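Data first, discussion second: the structure below is written as structure tokens.
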Amino acid sequence: AQSVTQLDSQVPVFEEAPVELRCNYSSSVSVYLFWYVQYPNQGLQLLLKYLSGSTLVKGINGFEAEFNKSQTSFHLRKPSVHISDTAEYFCAVRPTGGYNKLIFGAGTRLAVHP
Amino acid sequence: DAGVTQSPTHLIKTRGQQVTLRCSPKSGHDTVSWYQQALGQGPQFIFQYYEEEERQRGNFPDRFSGHQFPNYSSELNVNALLLGDSALYLCASSLVDRESYEQYFGPGTRLTVT
């Protein structure tokens with residue numbers, strides 16, 4: 005079985021400051037990793053994914069994430085946030101074998117203040 | 011190119027009633043997954059449909075059932091509604107090919123049980 009822990013339920017930050025949203029996972033099998041964003045009253049949008057290869061992956065809207073296998077982490081970063089980045093962010097995993105079923109963390113609310 | 015659509019957007023039901031939610035997948039997609047997102051939590055996998063059959067199921071009771079039609083659209087039915095069924099129900103579509111990693115989410119149906 006797999007589980008995902010997002011270490012911060014809320015992250016307040018000022019505009020143009022850097023931010024890191026933390027994600028740890030547990031799995032007995034190898035997994036693919038994802039970050040999704042959910043804006044108010046909307047569905048989920050894929051920010052980025054790690055499948056294999058380089059452990060640093062870049063996504064949309066200037067976000068990037070680094071896969072650390074030894075620490076089973078997949079932290080999301082952005083060097084300079086904007087007000088429009090205010091949203092809920094979800095880390096998710098999917099076993100590399102088997103069906104395309106996502107296991108999500110509880111989410112981190114990013115609040116960007118002017 | 012239409013994305014994933016869901017109807018209705020909001021729904022209010024009384025305990026004990028039954029509800030049907032609908033989903034149309036992204037054009038070209040053949041697999042539909044349903045997730046339940048309770049307030050303040052990450053989405054939880056309910057089940058997945060492909061070729062009009064349930065392929066995989068999460069930890070949800072039999073009160074939750076589904077259907078997929080020949081045009082790949084899908085319905086989620088919930089019987090004997092409980093207060094705890096109040097949540098945002100998300101539909102996601104993808105391709106059955108296991109190498110296709112992305113799931114595209116709809117905006118969701120907000121179900122309130124009173």
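Protein sequence lines correspond, in order, to chains B and P.
Per the working numbering, the first sequence starts with residue 5, numbered consecutively.
Per the working numbering, the second sequence starts with residue 11, numbered consecutively.
We put the beta carbon where it would ideally sit given N, CA and C, even for glycine.
Predicted model, so just to flag it, every value in this text is computed and none were measured.
Open item on the list: If the criterion is Cβ atoms closer than 8 Å, does the pair residue 23 of chain P and residue 106 of chain P meet it?
Closed with: Not a contact, by the Cβ cut-off of 8 Å.
Task: Where residue 94 of chain P falls: helix, strand or coil (DSSP) - done: Here DSSP, grouped into helix, strand and coil, assigns residue 94 of chain P to helix.
Open item on the list: Going by DSSP, what residue range makes up the beta strand (DSSP E) through residue 84 of chain P?
Closed with: Following the DSSP letters along the chain, one finds residue 84 of chain P inside the beta strand (DSSP E) bounded by residues 84-88.
Task: Any chain P beta carbon closer than 8 Å to residue 94 of chain B - done: Interface flag for residue 94 of chain B against chain P is set, since a Cβ pair is found closer than 8 Å.
- [ ] Alpha carbon to alpha carbon, how far is residue 121 of chain P from residue 89 of chain P? Give it in angstroms, no decimals.
- [x] Whole-angstrom Cα-Cα distance: 13 Å.
Task: Sequence-distant residues of its chain with Cβ nearer than 6 Å to residue 24 of chain B (five each side left out) - done: Close CB contacts of residue 24 of chain B within its chain, under the 6 Å cut and outside five residues either way in sequence, are with 79, 81 (chain order).
TODO: Kindly list, in the order they appear in chain P, the residues whose Cβ is closer than 9 Å to that of residue 28 of chain B.
DONE: What residue 28 of chain B touches in chain P: nothing, since even the nearest Cβ is about 14 Å away.
Open item on the list: Using only CA atoms, which one of B:96, B:106, B:113 lies nearest to residue 27 of chain B?
Closed with: Relative to the Cα of residue 27 of chain B, the nearest Cα in the group B:96, B:106, B:113 belongs to B:96.
- [ ] Please confirm whether residue 102 of chain P and residue 114 of chain P have their CB atoms less than 8 Å apart.
- [x] In this structure, residue 114 of chain P lies closer than 8 Å to residue 102 of chain P by Cβ.
Open item on the list: Any beta carbon from chain B within less than 8 Å of residue 96 of chain P's own beta carbon?
Closed with: False, the Cβ-Cβ gap to chain B never drops below 8 Å.
Task: contact_flag[the stretch 60-72 of chain P, the stretch 16-30 of chain P] where n(CB pairs < 8 Å) is 3 or more - done: Result no; under three Cβ-Cβ pairs closer than 8 Å.
Open item on the list: In whole angstroms, give me the CA-to-CA distance for residue 8 of chain B and residue 107 of chain B.
Closed with: Taking the CA atoms as reference points, residue 8 of chain B sits about 7 Å from residue 107 of chain B.
Open item on the list: At the 8 Å Cβ level, is residue 65 of chain P part of the contact set with chain B, yes or no?
Closed with: For residue 65 of chain P, the nearest beta carbon of chain B is closer than 8 Å to its own beta carbon.
Open item on the list: Along the stretch 56-82 of chain B, where does the CB come closer than 7 Å to a CB of chain P? Name the residues.
Closed with: Taking 7 Å as the Cβ-Cβ cut-off against chain P, none of the residues of the stretch 56-82 of chain B qualify.
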